[in-house]
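Reviewing the structure listed below.
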Amino acid sequence: MRIKGRGRIGANVSVPFSFEGRRYCGRAGDTLASAMIANDLHFIGRSFKYHRPRGITALGGDEAGALVAIRRFGAFIPNQRPATQELFEGLEARAENAWPALGLDVLALNDLLSPLMGPGFYYKSFKWPRGAWERVWEPLIRRAAGLGRLPVCPDEAPYDQAFAHCDVLVIGGGPAGLMAALAAGRAGGDVILADPDRRLGGRLLFEEEEVGGRAGHEWARAIEAELREMENVRVMARTTITGAYDQGTWSAVEKVAHHLPDGDAPLECHWRIVAKRAVLATGAIERPVAFAGNDRPRIMQAGALRGYLNRYGAVAGRRVAIFANNDDAHRTARDLATAGVEVVALIDARADAAPPPEGGDFRFLAGAVVEAAHGRKGLTGLTIRTASGARERIEADCLGVSGGWNPALHLSCHLGARARWRADIAAFVPAAGAVPGLEAAGAANGSFSTAACLAEGAAAGQSAAQALGLKAELPEIPAAGDRAGGLKPLWQVSGARAKAFLDLQNDVTVSDIQQAAREGMGESEHMKRYTTFGMGPDQGKNSGVNALAVLAEATGRSIPETGTTTFRPPFDPVSIGTIGGAGRGAGFAPERHTPAHEYALSRGAVMGDAGLWKRALWFPRAGEGNWRQSCDREVAMVRGSVGVFDASPLGKFEVLGADAARFLDFLFATPMRALKVGRMRWGVMLREDGHVMDDGVVARMGRGHFLVMSTTAGAQDLWRHMQFVRQGLRPEWDVEIVDAGEQWAQIVVSGPRARDLVNSLLRRPLAPDQPAHMAWKALTIAGVAARLFRTSFTGEAGYEIAVPARYGAALFALLTERAEAMGGGAFGLEAMNVLRLEKGHLTHAELDGRVTLPDIGLSRLLARKGDFIGKAAARRPGLMGPDRAELVGLRPVGAVKQILPGAHLFRPGLLAVAENDEGHVASAAYSPMLKSVIALAFLRGGRARLGEHVRASDHLRHVETLCEVCDPVFFDPEGERLHG
Amino acid sequence: MRIRCPLCGERDSREFHVMGAAEWLARPAPDAGLEAWDAYLHLRDNPAGPTRELWFHEAGCGAWLVVARDTVSHAVFEAVPAWEAGA
Chain A
174 MRIKGRGRIG
184 ANVSVPFSFE
194 GRRYCGRAGD
204 TLASAMIAND
214 LHFIGRSFKY
224 HRPRGITALG
234 GDEAGALVAI
244 RRFGAFIPNQ
254 RPATQELFEG
264 LEARAENAWP
274 ALGLDVLALN
284 DLLSPLMGPG
294 FYYKSFKWPR
304 GAWERVWEPL
314 IRRAAGLGRL
324 PVCPDEAPYD
334 QAFAHCDVLV
344 IGGGPAGLMA
354 ALAAGRAGGD
364 VILADPDRRL
374 GGRLLFEEEE
384 VGGRAGHEWA
394 RAIEAELREM
404 ENVRVMARTT
414 ITGAYDQGTW
424 SAVEKVAHHL
434 PDGDAPLECH
444 WRIVAKRAVL
454 ATGAIERPVA
464 FAGNDRPRIM
474 QAGALRGYLN
484 RYGAVAGRRV
494 AIFANNDDAH
504 RTARDLATAG
514 VEVVALIDAR
524 ADAAPPPEGG
534 DFRFLAGAVV
544 EAAHGRKGLT
554 GLTIRTASGA
564 RERIEADCLG
574 VSGGWNPALH
584 LSCHLGARAR
594 WRADIAAFVP
604 AAGAVPGLEA
614 AGAANGSFST
624 AACLAEGAAA
634 GQSAAQALGL
644 KAELPEIPAA
654 GDRAGGLKPL
664 WQVSGARAKA
674 FLDLQNDVTV
684 SDIQQAAREG
694 MGESEHMKRY
704 TTFGMGPDQG
714 KNSGVNALAV
724 LAEATGRSIP
734 ETGTTTFRPP
744 FDPVSIGTIG
754 GAGRGAGFAP
764 ERHTPAHEYA
774 LSRGAVMGDA
784 GLWKRALWFP
794 RAGEGNWRQS
804 CDREVAMVRG
814 SVGVFDASPL
824 GKFEVLGADA
834 ARFLDFLFAT
844 PMRALKVGRM
854 RWGVMLREDG
864 HVMDDGVVAR
874 MGRGHFLVMS
884 TTAGAQDLWR
894 HMQFVRQGLR
904 PEWDVEIVDA
914 GEQWAQIVVS
924 GPRARDLVNS
934 LLRRPLAPDQ
944 PAHMAWKALT
954 IAGVAARLFR
964 TSFTGEAGYE
974 IAVPARYGAA
984 LFALLTERAE
994 AMGGGAFGLE
1004 AMNVLRLEKG
1014 HLTHAELDGR
1024 VTLPDIGLSR
1034 LLARKGDFIG
1044 KAAARRPGLM
1054 GPDRAELVGL
1064 RPVGAVKQIL
1074 PGAHLFRPGL
1084 LAVAENDEGH
1094 VASAAYSPML
1104 KSVIALAFLR
1114 GGRARLGEHV
1124 RASDHLRHVE
1134 TLCEVCDPVF
1144 FDPEGERLHG
Chain B
2 MRIRCPLCGE
12 RDSREFHVMG
22 AAEWLARPAP
32 DAGLEAWDAY
42 LHLRDNPAGP
52 TRELWFHEAG
62 CGAWLVVARD
72 TVSHAVFEAV
82 PAWEAGA
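Protein chains in written order, with the working numbering: chain A, 174 to 1153; chain B, 2 to 88.
Written as structure tokens, this is what we have:
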């Protein structure tokens, strides 16, 4: 219900939302949680294992009870915490883990079966009875498992990523964080202040207390305004720091449009922030006391109870009780009573506790505990045990519980440091030096009073600025309350039989943890995995220390001896979509387009991926129903008249300098030093371990100037390799390398009429051997300076014409249209692959990184004089000799006419098993010229076995082909067609 | 992780390509023998602590660097150009 006259949000603006299909109204400034409480929605979900009713327990990300699914961009996103979702108009939420309905849930039966489902239940189901896992347990668990249900459609919400750098990162905008940012900001440092809330102030937004002589939330508003005025301070509201990483790097999630209806702005933005210094001012998280039935809806943290009242004017019940072991929770009773809410009792477990000094119109019980809570779908009453041991029933419909406060120290442990136990506050605090450059201040450091938060924050901000060499003054510390709590540890109340919960999300009880200890899982990390404690979205933030205390008692150790589990990033759940940012679909990776890309598309090209490049695979024409028809036609076109092919993605590296020839001679196994100016040579390069790395064509452009044209896929690796050889191995040589790959478009013209086509563009026609095969010349085409390379990958007479990239599209279009007039046209990568296969030319299908020079018939290069990369290692035993598989051709000779790449080769009479393996098929295609499938393969001792039969056996696709071993050059073996 | 490139300044590690231990710079003579070549190609220490590695500033200046860093603390000590570093 809403208390008239209470709360600090827009009382006049109503915001409609729906839950479980029913419409409700909240107010501007509400969170979904506060709007639900105001609308008396308390039973809003069911738990994971026992399907028990769950309600709101907390004010923020430490929510352990209520999880809902919220509709976003057409899908319900599971496991959202109502307290971290700001209300917006039209928000749709629904309950989780309830079927068929929240009020009537079939799996709530699990609660009755719970004796069968204790800790380790899942592991035990693997073992016994035999066979039950597959038939009984797995289907059952699979159906029931999971917290919430993932949407099955793609996540359509927009996300983004961003980066920031600063001097001082202040994590948290409560009293400590505000003072730290003020100190560092006034000193002139670049400051980022990040806080999950839409406003700064932290706990001050939820308290009735004075800071500097005025209401704390108003003081916070004034400081926020001052910080926002400073140009060197960036206030990042709605931003949670989620992880600490090396070198002062922090991850953060900014909820950019999370508080708005679906729109264009990113829902969330994933930040990487690099900070020289950081201040941990994340505050503290209230912990519970476990007792029987403590999971009932309308039982919540005492601090949350008064927070909902003070900020939102919302209270979860009409007769409220408070149960605590510290003074802080007394403020809840005071604030409720002041607001006119009936407080039935303040139950303080400390025998020596004094009633609140302000007094109050409620019953105060010192030395008493709540033993059990009653009510199924919401609290209806309590059984308490008074100081004298007497049991008494109290009628109450809402209970605030406080077991004290735990510093929110998680980020300080992300680099592996362990938290330090402080017995005086019965809590873990960040260890000094846990994260280099990070200092904890205020409640995050175990200093809980507002006065201490303000003072420590100011000091931390000052010392961070001073550490960076800035002149920083300590800001004036405003007057504030200095009450810290006076807590006496109380972790759980035993006595009643019903379940006392520690983890409300994963349904882990006090007795589960005691049982884990009995069954040998007494180490904290074992206990966590055995019971699933702390594995829900809250990651044990609120009850983790309670669980350790129960485990410590069960194993007869102290809490520091028991130790915490490991805190890892993220501190708060981060969706995969947020981490991915815009990197999905077309944004997943950059695309590289050749200059003629758009033109190729306009001619109907079907594009495929070659690394990041988009390449035309074939150019379908009218009447062609599939790729093979287009490909066969394009092959015949190149062999019969002329084809035009966009080879622009090839690597093109200019190598210059007095030692350029020497350098290429060292880089290639193929000798390059003697190459004449104007000539070209195909060559192979080895890796230093003696295997073939890649091949390429080298053209000598001048005395000290070469051009290396490499494979498309290998260009990036070759660039790194060439630079390594130059800078790392031969720094004394005079060589420079320029990557000119994107500066040149390169178009292949190939076929018996290639010269006619090129001549049609030239003022002075070329003679048949001008330039000769594997030579190049500079010329002018249509007024553009070009390089004309006479080379052929297809086996036909051909040229490659290189022009500056800006002319690439025009040249490709001109050549294509003129070729069409001559009965030819553009061809794609599929046809190129068939053409090169017919000629036995190699690609990465053959040069797969395992191949040596002798394997491809180039052993003579090993005898070459002088050193080159890979030479020493290439002659190792095992890289040559009769057991090596050698390059051969294959063609089918039996009934099966298909050969599949990847098939392995066996002698016809022998079993197709690993011991008899003699090699494999590297590539295969249908040759329209030979009217047969042809293949390139590596076969043991293959070159001596021409004419023999082998069996190609594909064990995955179950295709067996009897093949004849033949020369790898299938078409025009004499190479007569090269000359046109 | 960030590396201070001696030519470009402090840059994110995603601008770099890592190759492995700096020993790649100590290429044996062609006739050094199989053992020396085996060591050069295959044998590497796997230190828990300071190590020297080759990083290529691929999305930056294109310099090969020898980066000294600690595999335990993840601290990056220094980066020097490969042509000045030696193995």
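Beta carbons are placed, not taken as given, at the ideal position from N, Cα and C, and that holds for glycine.
Predicted, not measured: the structure shown is a model, and the values here were computed from it.
Among the bridge pairs identified by DSSP, A/P189 is matched with A/C198. Counting along the chain, the unbroken beta strand (DSSP E) around A/G971 starts and ends at 971 to 977. Excluding the 5 residues flanking it on each side, A/K428 has same chain C-beta neighbours closer than 7 Å at R411, E441, in chain order. Unbroken beta strand (DSSP E) runs of no fewer than 3 residues, entirely contained in the region 325 to 391 of chain A, are found at 332 to 344, 364 to 367, following chain order. The C-beta of B/T72 has fewer than 16 other C-beta atoms within 10 Å across all chains shown, which makes the residue exposed. Sequence-ordered contacts of the region 901 to 916 of chain A with chain B read G901, L902, P904 [C-beta pairs closer than 7 Å]. Assignment of A/D890 by DSSP, reduced to helix, strand and coil, places it in the helix class. Per the C-alpha coordinates, the member of A/V898, A/T455, A/V364 positioned closest to A/G345 is A/T455. Of all C-beta pairs linking the region 1014 to 1029 of chain A to the region 855 to 871 of chain A, three or more are shorter than 8 Å, placing the two stretches in contact. Judged by their CB atoms, A/V666 and A/V574 are not nearer to each other than the 8 Å cut-off. Note that the C-beta distance between A/F190 and A/A208 is below 8 Å. Under the DSSP definition of a beta bridge, A/M1005 lacks any partner. Counting along the chain, no alpha helix (DSSP H) covers A/T257, and no H or E run does either. From the listed residues A/Q334, A/R245, A/V976, the smallest Cα separation to A/G760 is found for A/Q334.
Residue range 732 to 735 is occupied by the alpha helix (DSSP H) that includes A/P733. Against A/Q334, chain B offers no close residue; the least beta-carbon distance is about 12 Å (beta-carbon pairs closer than 7 Å). DSSP places A/I229 in no alpha helix (DSSP H); its state is neither H nor E.
Those residues of the region 48 to 73 of chain B placed with their C-beta closer than 8 Å to a C-beta in chain A are L55, F57, E59, G63, A64, W65, ordered along the chain.
Between the alpha carbons of A/A489 and B/R3 lies a gap of roughly 50 Å.
Secondary structure note for B/W56: its beta strand (DSSP E) is the uninterrupted segment 51 to 57. Note on geometry: alpha-carbon atoms of A/A820 and A/G421 lie some 46 Å from one another.
Counting only the Cα atoms, A/A970 lies some 27 Å from A/L1034. Counting along the chain, A/R991 sits inside no beta strand (DSSP E); it lies in the alpha helix (DSSP H) bounded by residues 981 to 994. Excluding five sequence positions before and after A/E531, the CB atoms of its chain that fall closer than 6 Å to its own CB belong to R507, given in chain order. Contact of A/R450 with chain B is not assigned, every C-beta pair being separated by 8 Å or more. Using a Cβ distance threshold of 8 Å, A/A927 and A/V815 count as a contacting pair.
Bounds of the beta strand (DSSP E) holding A/K449 are 441 to 453.
Residue pairing from DSSP places A/Q919 in a beta bridge opposite A/A975. In this structure, DSSP gives A/G717 a helical state, which the three-state scheme calls helix.
Here A/H1131 carries a coil assignment [DSSP, helix/strand/coil]. Within its own chain, the residues whose Cβ lies closer than 8 Å to the Cβ of A/S1096, once the five positions on either side in sequence are excluded, are N1006, L1010, T1016, A1018, E1019, P1074, A1108, L1109, listed in chain order.
In the DSSP secondary-structure assignment, A/I567 is bridged to A/L555. The beta-carbon separation of A/E380 and A/L275, rounded to 33 Å, does not stay under the 8 Å limit for a contact.
Pairing B/A83 with B/L55 gives a Cβ-Cβ distance under 8 Å. A/N252 sits in a strand when the DSSP states are folded into three classes.
Taking all protein chains in view, the Cβ of A/P1146 is surrounded by fewer than 16 other Cβ atoms within 10 Å, so the residue is classified as exposed.
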